[in-house]
Amino acid sequence: MTRTEYPWLLPSEMIGPRGPELPGDRGRAGPRRTVRDWITDTLMFLFAVLVALVTVEAGQQAGNTDAVVIFDFVASLLACCALWARRRWPVGIAVALALLNAVAPAAGGAGLAALFGVAVHRSYRPVAVVAGLMTVCGVVAAVFRPDPSESLITALIATVILVLLATGWGLLVRARRQLVVALRERALRAEAEAGLRAEQAQRLAREAIAREMHDVLAHRLTLLSVHAGALEFRPDAPAPEVARAAGVIRDSAHEALQDLRMIIGVLRAPDGDEGDRPQPTLATLDALVDEVRLAGMDVTLDSRIGDPAAVTAATGRTAYRVAQEGLTNARKHAPGARAAVEVSGGPGDGLTIEVRNAAPPGEVTEVPGSGQGLIGLTERAALAGGRFEHGPTGDGGFAVRAWLPWTP
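Numbering (this note's numbering), first residue to last: 5 to 412.
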(Lines of atoms letter the chains of each structure in order from A and count residues from 1; the text may use other names and numbers.)
(Lines give C-alpha, C1' and ligand atoms only; values in the text may rest on other atoms or scores of the structure.)
Protein backbone atom coordinates (compact mmCIF):
# COMPACT_ATOMS: atom_id res chain seq x y z
CA MET A 1 0.00 0.00 0.00
CA THR A 2 1.26 3.50 -0.81
CA ARG A 3 2.67 5.39 2.16
CA THR A 4 0.96 8.66 3.07
CA GLU A 5 2.49 11.83 1.75
CA TYR A 6 2.23 13.61 5.12
CA PRO A 7 2.98 11.07 7.87
CA TRP A 8 3.29 13.80 10.50
CA LEU A 9 -0.47 14.33 10.23
CA LEU A 10 -1.13 10.79 11.51
CA PRO A 11 -0.78 9.36 15.02
CA SER A 12 2.50 7.55 15.51
CA GLU A 13 0.71 4.25 16.13
CA MET A 14 -0.91 4.35 12.68
CA ILE A 15 2.44 4.55 10.86
CA GLY A 16 4.54 2.46 13.24
CA PRO A 17 6.47 -0.72 12.38
CA ARG A 18 3.65 -2.90 13.72
CA GLY A 19 1.61 -1.88 10.70
CA PRO A 20 -2.13 -2.29 10.98
CA GLU A 21 -2.11 -3.43 14.61
CA LEU A 22 -3.78 -0.92 16.86
CA PRO A 23 -1.42 0.93 19.21
CA GLY A 24 -0.99 -0.29 22.75
CA ASP A 25 -2.83 -3.59 22.25
CA ARG A 26 0.25 -5.50 23.39
CA GLY A 27 1.25 -3.13 26.14
CA ARG A 28 4.50 -2.08 24.47
CA ALA A 29 5.83 1.38 23.85
CA GLY A 30 4.92 2.77 20.47
CA PRO A 31 7.17 4.58 18.01
CA ARG A 32 8.37 8.12 18.45
CA ARG A 33 5.78 10.87 18.57
CA THR A 34 4.80 12.61 15.37
CA VAL A 35 3.98 16.31 15.09
CA ARG A 36 0.32 15.46 15.55
CA ASP A 37 1.14 13.57 18.77
CA TRP A 38 3.10 16.50 20.16
CA ILE A 39 0.24 18.86 19.40
CA THR A 40 -2.30 16.52 21.02
CA ASP A 41 -0.17 15.96 24.13
CA THR A 42 0.46 19.68 24.47
CA LEU A 43 -3.25 20.45 24.26
CA MET A 44 -4.00 17.76 26.86
CA PHE A 45 -1.32 19.21 29.14
CA LEU A 46 -2.66 22.76 28.76
CA PHE A 47 -6.22 21.52 29.43
CA ALA A 48 -5.08 19.79 32.63
CA VAL A 49 -3.13 22.91 33.73
CA LEU A 50 -6.13 25.14 33.08
CA VAL A 51 -8.44 22.87 35.11
CA ALA A 52 -5.86 22.71 37.90
CA LEU A 53 -5.44 26.50 38.07
CA VAL A 54 -9.18 27.09 38.07
CA THR A 55 -9.74 24.46 40.77
CA VAL A 56 -6.89 25.70 42.99
CA GLU A 57 -8.09 29.30 42.70
CA ALA A 58 -11.67 28.26 43.47
CA GLY A 59 -10.49 26.36 46.55
CA GLN A 60 -8.47 29.34 47.70
CA GLN A 61 -11.51 31.61 47.37
CA ALA A 62 -13.61 29.03 49.21
CA GLY A 63 -11.38 29.45 52.27
CA ASN A 64 -8.96 26.53 52.00
CA THR A 65 -5.87 26.80 54.15
CA ASP A 66 -2.51 27.58 52.63
CA ALA A 67 -1.34 23.99 53.22
CA VAL A 68 -4.31 22.60 51.32
CA VAL A 69 -3.79 25.07 48.48
CA ILE A 70 -0.10 24.18 48.25
CA PHE A 71 -0.95 20.47 48.33
CA ASP A 72 -3.50 20.88 45.55
CA PHE A 73 -1.04 22.92 43.50
CA VAL A 74 1.81 20.40 43.86
CA ALA A 75 -0.48 17.42 43.25
CA SER A 76 -2.00 18.99 40.14
CA LEU A 77 1.47 19.93 38.85
CA LEU A 78 2.67 16.34 39.23
CA ALA A 79 -0.52 15.08 37.59
CA CYS A 80 -0.07 17.37 34.60
CA CYS A 81 3.57 16.34 34.18
CA ALA A 82 2.57 12.66 34.40
CA LEU A 83 0.45 13.09 31.26
CA TRP A 84 3.62 13.14 29.15
CA ALA A 85 4.14 9.47 30.07
CA ARG A 86 0.56 8.35 29.42
CA ARG A 87 1.44 6.90 26.00
CA ARG A 88 3.92 4.49 27.57
CA TRP A 89 1.84 3.47 30.60
CA PRO A 90 -1.74 4.57 29.85
CA VAL A 91 -3.52 2.35 32.40
CA GLY A 92 -1.02 2.86 35.21
CA ILE A 93 -0.98 6.65 34.82
CA ALA A 94 -4.80 6.76 34.65
CA VAL A 95 -5.20 4.67 37.84
CA ALA A 96 -2.66 6.81 39.71
CA LEU A 97 -4.34 10.04 38.64
CA ALA A 98 -7.78 8.68 39.55
CA LEU A 99 -6.60 7.89 43.07
CA LEU A 100 -4.91 11.26 43.29
CA ASN A 101 -8.14 12.94 42.20
CA ALA A 102 -9.88 11.51 45.27
CA VAL A 103 -7.74 13.70 47.57
CA ALA A 104 -6.81 16.52 45.18
CA PRO A 105 -9.70 17.65 42.94
CA ALA A 106 -7.28 19.90 41.05
CA ALA A 107 -5.90 16.74 39.38
CA GLY A 108 -9.31 16.00 37.82
CA GLY A 109 -8.41 17.52 34.44
CA ALA A 110 -5.29 15.35 34.16
CA GLY A 111 -7.34 12.33 35.21
CA LEU A 112 -9.88 12.94 32.41
CA ALA A 113 -7.05 13.30 29.87
CA ALA A 114 -5.52 10.03 31.08
CA LEU A 115 -8.93 8.31 30.86
CA PHE A 116 -9.26 9.54 27.29
CA GLY A 117 -5.88 7.97 26.46
CA VAL A 118 -6.91 4.63 27.96
CA ALA A 119 -10.13 4.64 25.90
CA VAL A 120 -8.10 5.26 22.74
CA HIS A 121 -5.32 2.75 23.35
CA ARG A 122 -6.90 -0.11 25.30
CA SER A 123 -9.76 -2.58 24.95
CA TYR A 124 -13.15 -2.19 26.60
CA ARG A 125 -12.41 -4.07 29.84
CA PRO A 126 -9.56 -1.87 31.14
CA VAL A 127 -11.47 1.19 29.91
CA ALA A 128 -14.52 0.18 31.96
CA VAL A 129 -12.37 -0.49 35.05
CA VAL A 130 -10.54 2.85 34.82
CA ALA A 131 -13.78 4.76 34.08
CA GLY A 132 -15.45 3.14 37.10
CA LEU A 133 -12.49 3.94 39.33
CA MET A 134 -12.45 7.52 38.04
CA THR A 135 -16.17 7.87 38.84
CA VAL A 136 -15.75 6.46 42.36
CA CYS A 137 -12.79 8.72 43.09
CA GLY A 138 -14.70 11.72 41.74
CA VAL A 139 -17.62 10.92 44.04
CA VAL A 140 -15.23 10.60 46.99
CA ALA A 141 -13.71 13.98 46.15
CA ALA A 142 -17.18 15.56 45.84
CA VAL A 143 -18.22 14.16 49.23
CA PHE A 144 -15.08 14.83 51.31
CA ARG A 145 -13.93 17.99 49.52
CA PRO A 146 -17.13 19.63 48.35
CA ASP A 147 -17.28 22.84 46.38
CA PRO A 148 -19.27 25.42 48.35
CA SER A 149 -20.54 27.02 45.14
CA GLU A 150 -22.48 23.92 43.99
CA SER A 151 -24.62 21.23 45.57
CA LEU A 152 -23.55 17.60 46.06
CA ILE A 153 -26.03 16.32 43.47
CA THR A 154 -24.73 18.75 40.88
CA ALA A 155 -21.15 17.70 41.61
CA LEU A 156 -22.02 14.01 41.29
CA ILE A 157 -23.89 14.52 38.02
CA ALA A 158 -21.05 16.63 36.61
CA THR A 159 -18.53 13.94 37.60
CA VAL A 160 -20.47 11.20 35.83
CA ILE A 161 -21.04 13.34 32.71
CA LEU A 162 -17.36 14.30 32.44
CA VAL A 163 -16.25 10.66 32.82
CA LEU A 164 -18.75 9.54 30.17
CA LEU A 165 -17.67 12.30 27.79
CA ALA A 166 -13.97 11.45 28.12
CA THR A 167 -14.67 7.74 27.72
CA GLY A 168 -17.05 8.17 24.79
CA TRP A 169 -14.71 10.53 22.98
CA GLY A 170 -11.82 8.12 23.39
CA LEU A 171 -13.89 5.16 22.19
CA LEU A 172 -15.00 7.16 19.17
CA VAL A 173 -11.39 7.93 18.26
CA ARG A 174 -10.46 4.26 18.73
CA ALA A 175 -13.38 3.12 16.55
CA ARG A 176 -12.30 5.49 13.80
CA ARG A 177 -8.74 4.19 13.94
CA GLN A 178 -10.01 0.62 13.83
CA LEU A 179 -11.95 1.53 10.70
CA VAL A 180 -8.81 2.98 9.14
CA VAL A 181 -6.87 -0.15 10.10
CA ALA A 182 -9.56 -2.39 8.61
CA LEU A 183 -9.58 -0.41 5.38
CA ARG A 184 -5.79 -0.56 5.20
CA GLU A 185 -5.78 -4.31 5.74
CA ARG A 186 -8.48 -4.70 3.10
CA ALA A 187 -6.44 -2.63 0.64
CA LEU A 188 -3.31 -4.68 1.34
CA ARG A 189 -5.28 -7.90 0.93
CA ALA A 190 -6.83 -6.66 -2.31
CA GLU A 191 -3.39 -5.71 -3.59
CA ALA A 192 -2.01 -9.15 -2.71
CA GLU A 193 -4.99 -10.88 -4.31
CA ALA A 194 -4.55 -8.78 -7.44
CA GLY A 195 -0.93 -9.90 -7.60
CA LEU A 196 -1.97 -13.54 -7.19
CA ARG A 197 -4.61 -13.17 -9.90
CA ALA A 198 -2.02 -11.67 -12.23
CA GLU A 199 0.38 -14.54 -11.54
CA GLN A 200 -2.41 -17.07 -12.08
CA ALA A 201 -3.39 -15.39 -15.35
CA GLN A 202 0.23 -15.55 -16.51
CA ARG A 203 0.44 -19.21 -15.55
CA LEU A 204 -2.79 -20.04 -17.36
CA ALA A 205 -1.56 -18.15 -20.41
CA ARG A 206 1.67 -20.15 -20.40
CA GLU A 207 -0.28 -23.38 -20.08
CA ALA A 208 -2.52 -22.37 -22.96
CA ILE A 209 0.50 -21.58 -25.11
CA ALA A 210 2.17 -24.87 -24.23
CA ARG A 211 -1.03 -26.86 -24.90
CA GLU A 212 -1.66 -25.26 -28.26
CA MET A 213 1.99 -25.60 -29.27
CA HIS A 214 1.94 -29.29 -28.45
CA ASP A 215 -1.42 -30.07 -30.03
CA VAL A 216 -0.75 -28.19 -33.25
CA LEU A 217 2.95 -28.74 -33.82
CA ALA A 218 3.45 -32.26 -32.47
CA HIS A 219 1.52 -33.71 -35.40
CA ARG A 220 3.67 -31.91 -37.98
CA LEU A 221 6.98 -32.44 -36.22
CA THR A 222 6.27 -36.14 -35.80
CA LEU A 223 5.91 -36.46 -39.56
CA LEU A 224 9.23 -34.68 -39.98
CA SER A 225 10.91 -36.97 -37.46
CA VAL A 226 9.49 -40.22 -38.86
CA HIS A 227 10.34 -39.49 -42.49
CA ALA A 228 13.74 -38.01 -41.66
CA GLY A 229 14.46 -41.17 -39.66
CA ALA A 230 13.42 -43.29 -42.59
CA LEU A 231 15.83 -41.44 -44.89
CA GLU A 232 18.58 -41.81 -42.29
CA PHE A 233 18.17 -45.57 -41.82
CA ARG A 234 17.44 -46.35 -45.47
CA PRO A 235 19.94 -44.37 -47.53
CA ASP A 236 19.61 -46.96 -50.33
CA ALA A 237 15.84 -46.48 -50.74
CA PRO A 238 14.51 -46.04 -54.25
CA ALA A 239 14.52 -42.55 -55.65
CA PRO A 240 10.69 -42.21 -55.82
CA GLU A 241 10.37 -43.18 -52.15
CA VAL A 242 13.10 -40.75 -51.15
CA ALA A 243 11.39 -38.01 -53.15
CA ARG A 244 8.04 -38.77 -51.55
CA ALA A 245 9.58 -38.64 -48.05
CA ALA A 246 11.33 -35.37 -48.88
CA GLY A 247 8.05 -33.96 -50.14
CA VAL A 248 6.31 -34.96 -46.93
CA ILE A 249 9.09 -33.31 -44.90
CA ARG A 250 8.82 -30.13 -46.96
CA ASP A 251 5.03 -30.00 -46.73
CA SER A 252 5.06 -30.77 -42.99
CA ALA A 253 7.61 -28.04 -42.33
CA HIS A 254 5.50 -25.58 -44.32
CA GLU A 255 2.33 -26.58 -42.44
CA ALA A 256 4.18 -26.34 -39.11
CA LEU A 257 5.18 -22.77 -39.92
CA GLN A 258 1.60 -21.93 -40.89
CA ASP A 259 0.26 -23.47 -37.70
CA LEU A 260 2.85 -21.58 -35.65
CA ARG A 261 1.76 -18.31 -37.23
CA MET A 262 -1.85 -19.23 -36.48
CA ILE A 263 -1.08 -19.92 -32.80
CA ILE A 264 0.79 -16.63 -32.42
CA GLY A 265 -2.10 -14.83 -34.11
CA VAL A 266 -4.63 -16.43 -31.78
CA LEU A 267 -2.59 -15.55 -28.68
CA ARG A 268 -2.13 -11.96 -29.83
CA ALA A 269 -5.74 -11.51 -30.91
CA PRO A 270 -8.26 -9.87 -28.60
CA ASP A 271 -10.68 -11.97 -26.59
CA GLY A 272 -13.18 -13.74 -28.76
CA ASP A 273 -11.02 -13.45 -31.92
CA GLU A 274 -9.35 -16.73 -32.82
CA GLY A 275 -7.42 -15.46 -35.82
CA ASP A 276 -8.10 -15.53 -39.56
CA ARG A 277 -7.43 -19.20 -40.07
CA PRO A 278 -10.43 -21.48 -39.26
CA GLN A 279 -10.00 -23.66 -36.18
CA PRO A 280 -10.27 -27.44 -36.59
CA THR A 281 -13.65 -29.03 -35.88
CA LEU A 282 -15.17 -32.46 -36.23
CA ALA A 283 -15.99 -31.66 -39.87
CA THR A 284 -12.24 -31.40 -40.63
CA LEU A 285 -11.49 -34.84 -39.21
CA ASP A 286 -11.65 -36.36 -42.73
CA ALA A 287 -8.91 -34.00 -43.87
CA LEU A 288 -6.74 -35.06 -40.94
CA VAL A 289 -7.14 -38.73 -41.78
CA ASP A 290 -6.39 -38.07 -45.46
CA GLU A 291 -3.25 -36.19 -44.51
CA VAL A 292 -2.10 -39.07 -42.33
CA ARG A 293 -2.75 -41.54 -45.14
CA LEU A 294 -0.72 -39.46 -47.56
CA ALA A 295 2.14 -39.64 -45.05
CA GLY A 296 2.09 -43.44 -45.40
CA MET A 297 0.05 -44.51 -42.39
CA ASP A 298 -2.64 -47.19 -42.71
CA VAL A 299 -5.65 -45.66 -40.93
CA THR A 300 -9.41 -46.11 -41.24
CA LEU A 301 -12.15 -43.69 -40.18
CA ASP A 302 -15.53 -44.89 -38.96
CA SER A 303 -17.74 -41.88 -38.26
CA ARG A 304 -21.34 -42.52 -37.28
CA ILE A 305 -22.15 -38.81 -37.01
CA GLY A 306 -24.62 -37.86 -39.71
CA ASP A 307 -23.95 -34.10 -39.58
CA PRO A 308 -20.53 -33.25 -38.10
CA ALA A 309 -21.30 -29.55 -38.47
CA ALA A 310 -24.06 -29.92 -35.86
CA VAL A 311 -21.45 -30.56 -33.15
CA THR A 312 -20.52 -27.41 -31.26
CA ALA A 313 -17.21 -25.81 -32.19
CA ALA A 314 -15.61 -26.38 -28.77
CA THR A 315 -16.61 -30.05 -28.61
CA GLY A 316 -15.58 -30.65 -32.23
CA ARG A 317 -12.21 -29.01 -31.64
CA THR A 318 -11.56 -31.17 -28.60
CA ALA A 319 -12.54 -34.32 -30.53
CA TYR A 320 -10.23 -33.28 -33.36
CA ARG A 321 -7.33 -32.83 -30.91
CA VAL A 322 -7.98 -36.28 -29.43
CA ALA A 323 -7.83 -37.90 -32.88
CA GLN A 324 -4.76 -35.86 -33.82
CA GLU A 325 -2.88 -36.79 -30.66
CA GLY A 326 -3.92 -40.46 -30.94
CA LEU A 327 -2.68 -40.73 -34.54
CA THR A 328 0.50 -38.84 -33.67
CA ASN A 329 1.28 -41.26 -30.83
CA ALA A 330 0.47 -44.25 -33.06
CA ARG A 331 2.85 -42.99 -35.73
CA LYS A 332 5.57 -42.33 -33.16
CA HIS A 333 5.35 -45.49 -31.05
CA ALA A 334 3.90 -48.01 -33.52
CA PRO A 335 5.18 -47.14 -37.01
CA GLY A 336 3.76 -49.38 -39.68
CA ALA A 337 0.85 -50.56 -37.51
CA ARG A 338 -2.76 -50.16 -38.58
CA ALA A 339 -4.84 -47.55 -36.82
CA ALA A 340 -8.57 -46.92 -36.60
CA VAL A 341 -10.57 -43.86 -35.64
CA GLU A 342 -14.17 -44.31 -34.50
CA VAL A 343 -16.62 -41.49 -33.80
CA SER A 344 -20.12 -42.08 -32.46
CA GLY A 345 -22.82 -40.48 -30.36
CA GLY A 346 -25.59 -37.97 -30.66
CA PRO A 347 -27.20 -34.91 -29.07
CA GLY A 348 -27.91 -35.60 -25.41
CA ASP A 349 -25.90 -38.85 -25.39
CA GLY A 350 -22.52 -37.23 -25.86
CA LEU A 351 -19.77 -37.62 -28.41
CA THR A 352 -17.38 -40.56 -28.18
CA ILE A 353 -14.14 -40.69 -30.13
CA GLU A 354 -11.66 -43.58 -29.99
CA VAL A 355 -8.30 -44.06 -31.65
CA ARG A 356 -6.75 -47.55 -31.63
CA ASN A 357 -3.58 -48.91 -33.15
CA ALA A 358 -2.33 -52.47 -33.44
CA ALA A 359 0.97 -53.70 -32.11
CA PRO A 360 4.00 -52.48 -34.08
CA PRO A 361 5.17 -55.05 -36.67
CA GLY A 362 8.83 -54.80 -35.75
CA GLU A 363 11.37 -53.07 -33.58
CA VAL A 364 10.45 -49.50 -32.81
CA THR A 365 12.98 -46.70 -32.92
CA GLU A 366 12.28 -44.32 -30.08
CA VAL A 367 11.16 -40.89 -31.23
CA PRO A 368 11.71 -38.00 -28.75
CA GLY A 369 8.62 -36.28 -27.43
CA SER A 370 7.40 -34.08 -24.60
CA GLY A 371 5.34 -36.79 -22.89
CA GLN A 372 2.64 -34.26 -22.08
CA GLY A 373 0.17 -35.04 -24.87
CA LEU A 374 -2.04 -37.44 -22.91
CA ILE A 375 -1.94 -35.18 -19.88
CA GLY A 376 -3.04 -32.27 -22.04
CA LEU A 377 -5.90 -34.28 -23.52
CA THR A 378 -7.05 -35.28 -20.04
CA GLU A 379 -7.16 -31.61 -19.07
CA ARG A 380 -8.98 -30.68 -22.28
CA ALA A 381 -11.64 -33.33 -21.75
CA ALA A 382 -12.08 -32.33 -18.11
CA LEU A 383 -12.46 -28.67 -19.04
CA ALA A 384 -15.09 -29.64 -21.60
CA GLY A 385 -16.98 -31.61 -18.94
CA GLY A 386 -16.06 -35.02 -20.37
CA ARG A 387 -13.78 -37.97 -19.67
CA PHE A 388 -10.56 -39.26 -21.21
CA GLU A 389 -9.12 -42.78 -20.97
CA HIS A 390 -6.01 -44.36 -22.44
CA GLY A 391 -4.06 -47.57 -22.09
CA PRO A 392 -2.75 -50.68 -23.86
CA THR A 393 -5.08 -53.15 -25.56
CA GLY A 394 -5.09 -56.93 -25.30
CA ASP A 395 -3.34 -57.45 -28.65
CA GLY A 396 -0.32 -55.33 -27.79
CA GLY A 397 -1.67 -52.12 -29.24
CA PHE A 398 -2.79 -48.91 -27.63
CA ALA A 399 -6.07 -47.01 -27.46
CA VAL A 400 -7.25 -43.58 -26.41
CA ARG A 401 -10.91 -42.87 -25.83
CA ALA A 402 -12.74 -39.67 -24.94
CA TRP A 403 -16.37 -38.91 -24.14
CA LEU A 404 -17.52 -35.33 -24.51
CA PRO A 405 -20.88 -33.80 -23.69
CA TRP A 406 -23.06 -32.89 -26.68
CA THR A 407 -25.99 -30.73 -25.80
CA PRO A 408 -28.79 -30.59 -28.36
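Where is the CB? At the ideal position from N, CA and C, for every residue including glycine.
Which one or two residues does DSSP pair with residue i in a beta bridge?
| i | result |
| --- | --- |
| Ala196 | Its beta-bridge partners do not exist; DSSP assigns none. |
| Thr304 | Ala344 |
| Val164 | According to DSSP, Val164 bridges with nothing at all. |
| Leu408 | Leu355 |
| Ala62 | Answer by DSSP bridge pairing: none, since Ala62 is not bridged. |
| His394 | Val404 |
| Gly349 | Leu355 |
Let me know the secondary structure DSSP gives residue i once reduced to three states.
| i | result |
| --- | --- |
| Val134 | helix |
| Arg360 | strand |
| Gly310 | coil |
| Ala241 | coil |
| Val315 | coil |
| Trp173 | helix |
| Pro94 | helix |
| Thr322 | helix |
| Thr46 | helix |
| Asp399 | coil |
| Ala338 | coil |
| Gly380 | helix |
| Ala33 | Any reading at Ala33 is ruled out, since the residue's pLDDT is 46, under 50, leaving its predicted position unreliable. |
| Pro284 | coil |
| Arg254 | helix |
| Glu278 | Low per-residue confidence applies at Glu278: pLDDT is 47, beneath 50, and the placement is therefore not dependable enough to give any value. |
| Glu203 | helix |
| Glu259 | helix |
| Gly67 | coil |
| Ala117 | helix |
| Glu154 | coil |
| Ala299 | coil |
Using only alpha-carbon positions, find the residue among the options that is nearest to residue i.
| i | options | result |
| --- | --- | --- |
| Gly352 | Ala344, Gly340, Thr319, Glu346 | Thr319 |
| Thr304 | Pro109, Ala257, Ala232, Ala327 | Ala327 |
| Asn361 | Gly395, Gly350, Val133 | Gly395 |
| Asp306 | Arg178, Ala344, Gln283 | Ala344 |
| Glu329 | Pro312, Ala313, Ile357 | Ile357 |
| Gly366 | Ala341, Val359, Gly390 | Ala341 |
| Met91 | Phe51, Val143, Arg37, Val60 | In the sequence under discussion, the amino acid at residue 91 is Arg, which differs from the Met named in the question. Per the Cα distances, Arg37. |
| Leu378 | Ser348, Val143, Leu331 | Leu331 |
| Asp290 | Tyr324, Ala314, Ala260 | Tyr324 |
| Thr322 | Ala334, Gln283, Thr226 | Gln283 |
| Gly401 | Ala170, Pro412, Val359, Trp88 | Val359 |
| Trp407 | Leu169, Arg190, Gly354, Thr69 | Gly354 |
| Leu381 | Asn333, Val60, Thr411, Val72 | Asn333 |
| Asp405 | Thr397, Thr411, Gly398, Glu393 | According to the sequence shown, residue 405 is Arg rather than Asp. Checked all of Thr397, Thr411, Gly398, Glu393; the closest Cα to Arg405 is Glu393. |
| Trp42 | Phe77, Val78, Arg188, Ala89 | Ala89 |
| Ala117 | Leu103, Asp255, Cys84, Glu195 | Cys84 |
| Gly349 | Arg254, Trp410, Asp240 | Trp410 |
| Ala62 | Phe51, Ala250, Phe77 | Phe77 |
| Phe51 | Leu103, Phe120, Asp70 | Phe120 |
| Pro412 | Ile74, Ala363, Thr316 | Thr316 |
| Arg335 | Asp311, Ala403, Leu286 | Ala403 |
| Ala132 | Ala145, Leu168, Pro364 | Leu168 |
| Ala313 | Val72, Gly199, Arg207, Ala287 | Ala287 |
Pop quiz: residue i and residue j are said to be a contact at Cβ under 8 Å. What is the actual Cβ separation, rounded to whole angstroms?
| i | j | result |
| --- | --- | --- |
| Ala66 | Pro152 | 5 Å |
| Ala2 | Ser80 | Residue coverage of the chain in this structure runs from 5 to 412, which leaves residue 2 outside it and unanswerable. |
| Val347 | Arg391 | Incorrect: roughly 16 Å between the Cβ atoms, too far for contact. |
| Leu87 | Asp45 | 7 Å |
| Thr171 | Ala123 | 5 Å |
| Ile253 | Leu228 | 6 Å |
Could you tell me whether any non-hydrogen atom of the ligand FMN is closer than 7 Å to the CB of residue i?
| i | result |
| --- | --- |
| Ala159 | As for the ligand FMN, it is missing from this structure, which has no ligand bound. |
Would residue i pass as an interface residue toward chain C - the criterion being a Cβ-Cβ separation below 8 Å?
| i | result |
| --- | --- |
| Gly320 | Of the chains in the structure shown, none is chain C; there is only one protein chain. |
Practice task
Could you tell me whether the stretch 38–58 touches the stretch 110–124, where touching means 3 or more Cβ pairs closer than 8 Å?
Solution key: yes
Practice task
Report yes or no: do three or more beta-carbon pairs, one from the stretch 384–398 and one from the stretch 286–304, lie closer than 8 Å?
Solution key: no
Exercise for the section: Spell out a yes or no on whether the stretch 87–107 and the stretch 133–153 are touching, meaning 3 or more CB-CB pairs, one atom from each, closer than 8 Å. Expected result: yes
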